[in-house]
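Below you'll find the structure, written out as structure tokens, and then a few comments.
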Amino acid sequence: MQNKTDFSWERYSSTPIVGIIRGLGIDTVRQIVKAYTVAEFYTIEVTMNTPHVAEIITELRLNYPDLNVGAGTVCNMADLDKAITAGAQFIVTPILDEEVVKKCVAKEIPIFPGAYTPTEIYRAWTLGASAVKIFPATQLGTRFIKDVLAPLDEIKLMPTGGVSRQNIKSFFEAGVTGVGMGSSLFDKQMIKDNDFDSLQHHFTAIKKDIEPFCN
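Going by my numbering, the sequence shown opens with residue 3, and the numbers climb by one from there.
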């Protein structure tokens, strides 16, 4: 499909969490997204190693116009082309591939490249990253975030990997502008039990925890 609707920064900022869908079927994704949007979450990525990822991205774009739908685990130009063709409105990578970042910047598609060291973080930002994905965040923690932002306070950081309800507030207090969340957001047991009402309440509780950081 053609990418006719731009990424909404306003909706993203209202709940600055990127929910990460990995390895789930379309029927399950439909149920999750219903609960997700009711809880006023608006930004979701489907990883490129999810079966039928292109079809899932396209369906979400067609049926949920208020949702920011992106592609994650984009590791190379082939992944990027597939994601853009499917209609992805933003791109997330686990690593820093400069060619991918440059193409996204040229096409004005928000890009959140993965980085781990201060040098990688700074390089990603200077290439034009919309925000830099700190991955894996659990290995570094909030002290690292504060230390990086002390000299590099203009960089927008989005820690991902190990962000949970227990520590999400501390990441925002450290100065991040958003986070990525996978299994800690999309609770595996609730999904396995088809308990999407509880999942919706789980989403709502997490949003309440970070309410002071939502715009």
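Note that the Cβ used here is the ideal one computed from N, Cα and C, for glycine as well. Just so we're clear, the structure is a prediction, and the values are computed from it rather than from any experiment.
- For T206, the CB contacts under 6 angstroms within the same chain, skipping 5 residues up- and downstream, are A41 in chain order.
- Taking C-alpha positions only, G164 is separated from M183 by approximately 8 angstroms.
- Here the stretch 165 to 181 makes no contact with the stretch 29 to 43; the two share fewer than three CB pairs at distances below 8 angstroms.
- With three or more CB-CB distances shorter than 8 angstroms, the stretch 88 to 98 counts as touching the stretch 46 to 64.
- Taking a C-beta distance under 7 angstroms as the contact criterion, P115 and T95 qualify as a contact pair.
- For T49, the uninterrupted beta strand (DSSP E) run begins and ends at 45 to 49, by DSSP.
- Proximity to I111 across S10, E213, C216, H203 peaks at S10, based on C-alpha coordinates.
- Here V134 is near I123, since their CB atoms are less than 7 angstroms apart.
- With a cutoff of 7 angstroms on beta-carbon distance, V76 and I93 are scored as near each other.
- For N65, the enclosing alpha helix (DSSP H) begins and ends at 55 to 65.
- Straight-line spacing of the CA atoms in E101 and G130 works out to 12 angstroms.
- For the 7 angstroms CB-CB criterion, G27 and E47 do not form a contact.
- At least 7 angstroms separates the beta-carbon of Q33 from that of F215.
- For T162, the number of other beta carbons within 10 angstroms of its own is at least 16, and it is reported as buried.
- In this structure, DSSP gives L82 a helical state, which the three-state scheme calls helix.
- Ranking S15, I23, I97 by CA distance to the CA of L62 puts I23 first.
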